[in-house]
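Colleague: Sharing a structure, written as structure tokens. Questions coming.
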Amino acid sequence: MDPSGHTATVTAIYEAFGRGDLPAILDHLTEDVTWNHQRPGHSGQAAGLEIERARTGKAEVVGFFECAAELEMAEFSVATMLENADQVAAFVDVDYTVRATGRRVIDTEVHLFTFAADGRVSALRGFVDTGQLIAAMQAPVVV
């Protein structure tokens, strides 16, 4: 895939994520970015998962990446991206272990990026298997 337009921005964000380069990620976000704002009753947010918490602004988004650092990522690969005038939907295959519990998650996530007129990300909504995520984050491994 030869990324262009907003797809290129999403690709750059994912590459920065892979390097652990948070400043590069934040450079692609608006100051008032909304992150993971879901419909009321969203199961991951209702369960109190910090990684699923709705965030507003770059400073709060840093907290999301602090949570993501608690995941031992075995796979994070983009299967495909779909782009329209102001959004990109990325289908991402993930395989990670929650360090605190030792539980593994294998999923295909959808990340919906919305772009401002200046080309920076103004919103991100992530769609994941929250049942699997809740089980992995809340249940310690029984030995």
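Be aware that the sequence shown starts at 5, since it is given in the working numbering, and climbs by one per residue.
Glycine is no exception: its CB is placed at the ideal position from the N, C-alpha and C atoms.
Only a predicted model underlies this, so the values are computations on that prediction, with no experimental measurement involved.
(1) Please classify Gly48 as buried or exposed, where buried requires at least 16 neighbouring CB atoms within 10 angstroms.
(2) If you draw a straight line from the alpha carbon of Val37 to that of Asn88, how long is it in whole angstroms?
(3) Can you tell me which of His115, Ala20, Val66 puts its alpha carbon nearest to the alpha carbon of Gln42?
(4) Who pairs with Glu76 in a beta bridge, going by DSSP?
(5) How about Leu137 and Val109: do their beta carbons lie closer than 9 Å?
(6) Could you tell me whether the Cβ atoms of Thr112 and Ala83 are closer together than 9 Å?
(7) Residues bridged to Thr118 by DSSP?
(8) Please state the DSSP three-state secondary structure of Ala140.
(9) Could you tell me whether the Cβ atoms of Val14 and Met85 are closer together than 9 Å?
(10) Count the other CB atoms, across all protein chains shown, that sit within 10 Å of the CB of Thr134; report buried if there are 16 or more and exposed otherwise.
(11) According to the Cβ coordinates, are Phe80 and Tyr18 closer than 9 Å?
Modeller: Judging by the given coordinates:
(1) Counting every other CB atom within 10 Å of its CB across the protein chains shown gives Gly48 a total of 16 or more, marking it as buried.
(2) 19 Å
(3) The residue with the shortest Cα to Cα distance from Gln42 is His115.
(4) Per DSSP, Thr101.
(5) A contact, by the Cβ cut-off of 9 Å.
(6) yes
(7) Gln91, Ala127
(8) In the structure shown, Ala140 sits in a helix (DSSP, three-state: H, G or I).
(9) In this structure, Val14 lies near Met85, with their beta-carbon atoms less than 9 Å apart.
(10) Buried, because 16 or more other Cβ atoms sit within 10 Å of the Cβ of Thr134.
(11) A contact, by the Cβ cut-off of 9 Å.
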